[in-house]
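Participant: Residue numbering for the sequence shown follows my numbering, beginning at 167 and increasing consecutively. Sharing a structure, written as structure tokens. Questions coming.
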Amino acid sequence: MADLSITAANVGVASSITKVVVIEAAEAITRGMAVYRNGSNSNKATKAINTASASTAVYGIAQSESAADGDFIAVATSGTIITGASMTVGQLYYLSSTAGKLMPYADLTTNDYINGVYRATTSTKAILVLENNGIQSP
């Protein structure tokens, strides 16, 4: 398998109880990307990646676009979202070694940080789990 193929136009909130916050972005971010709050850059939203411990603590999933540093984006931090991808029901999806992307567990490699982000509840919806545990793959 590979990183989830996310269609940004199909990303959205799937429940009225999904928590969405607005934060400043540090870079261009596409809807559906996993982001973390970058403490070395004024806590701005930055694409999360599983290869460096400082950038693995996923804050949420981008629900809007950022063209550049300084734009503000909506980020879902809890609840159920429409992922914009085709998924396997019940599968937990993890932070990828490609910035902002997600992948199935089988694609983790040695020294990747194992951070579960969401679990598919249907083929297009998922509940955010945000398992930021700091464990590296052996």
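Glycine included, C-beta positions come from ideal geometry on N, C-alpha and C.
1. Take Ser232 as the anchor and find which of Glu193, Leu294 and Ala220 has the nearest alpha-carbon.
2. Can you tell me which of the three DSSP states Ser244 falls into?
3. Would Thr212 and Asn204 be called neighbours here (beta carbons separated by less than 7 Å)?
4. Output the distance between the C-alpha atoms of Ser289 and Gly256, rounded to the nearest integer angstrom.
5. Under three-state DSSP, which class holds Asn204?
6. For Pro270, which beta-bridge partners are listed by DSSP?
7. I need the straight-line Cα distance from Thr246 to Leu258, nearest angstrom please.
8. Measuring alpha carbon to alpha carbon, tell me which of Val224, Asp235, Pro304 and Thr184 ends up nearest Leu268.
Facilitator: So, from the listed chains and residues:
1. Among Glu193, Leu294 and Ala220, the Cα nearest to that of Ser232 belongs to Glu193.
2. The DSSP-derived three-state label of Ser244 is strand.
3. A contact, by the Cβ cut-off of 7 Å.
4. Their Cα atoms are separated by approximately 9 Å.
5. The answer is strand: DSSP assigns Asn204 an E or B state.
6. The beta-bridge partner set that DSSP reports for Pro270 consists of Tyr259.
7. Taking the straight line from one Cα to the other gives about 13 Å.
8. For the residues Val224, Asp235, Pro304 and Thr184, the minimum Cα distance to Leu268 belongs to Val224.
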